[in-house]
């Protein structure tokens, strides 16, 4: 079980050089008027994949779990890409019949062990569309972010699925001013300062660990041209 303030067995990783935006996504936005955020460092993608991967679309919801000036992050990876590692907020897909807020509360409980009621969540604080090319698939996920303010606690992985146990490496409470370079979303410090009002529009964000080929990119473009972020209370 990971302890707050420690890396839960995840080795220290030096920051890597910034990676350019996938050329085919440059300037491409869904119908909603979304602005692209500035880029931060992240793992450089590989381009080696044997066949064109399936492209999946689903809405998602995520939670910034804040305790004072620290945010709880999970070390994620792509099992098909050796050495891949980045940090993310708790979250996942929205099930049928759920609102984004309900899904965010459920995912926060499942991934951290902390019981969370939907009404405890502030926001949505931000919206975006994440494009992530994994070694076995491409995920296009319109996401809503919520904020949970809490006391620091010791998270657990008791409810993690087999897939999560393969991918996720542990927890750490990160001071917001000291976030690692390999953190998604890159605008997390900005979201942690949210104090009400309309959600921040983060736009279309490419977070691929395996770069998209032309066929995959075309399918993603077709989806983005006809989509808009799903906003649920």
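Residue numbers (the UniProt record's numbering): 1 to 233. Backbone N, C-alpha and C fix where the C-beta goes; we use that ideal spot for every residue, glycine too.
Closest Cα partner of residue i within the set the options
i	options	result
residue 152	73, 58, 79 and 53	73
residue 210	203, 81 and 201	81
residue 113	84, 90 and 163	90
residue 71	202, 185 and 214	185
Residues of its chain near residue i, where Cβ-Cβ distance is below 8 angstroms and the 5 sequence neighbours each way are ignored
i	result
residue 117	105
residue 216	52, 53, 55, 133 and 138
residue 193	none
residue 189	176, 177 and 179
residue 223	55, 57 and 140
Continuous beta strand (DSSP E) stretch holding residue i: start and end
i	result
residue 122	122-133
residue 75	70-76
residue 172	170-175
Check whether residue i and residue j have beta carbons under 8 angstroms apart
i	j	result
residue 108	residue 199	no
residue 206	residue 88	no
residue 64	residue 202	no
residue 77	residue 169	yes
According to DSSP, residues forming a beta bridge with residue i
i	result
residue 64	147
residue 204	129
residue 139	56 and 132
residue 86	76
6 angstroms Cβ shell around residue i - same chain, five flanking residues per side excluded
i	result
residue 225	none
residue 92	107
residue 218	none
Run of the alpha helix (DSSP H) containing residue i, from where it starts to where it stops
i	result
residue 189	188-192
residue 225	214-225
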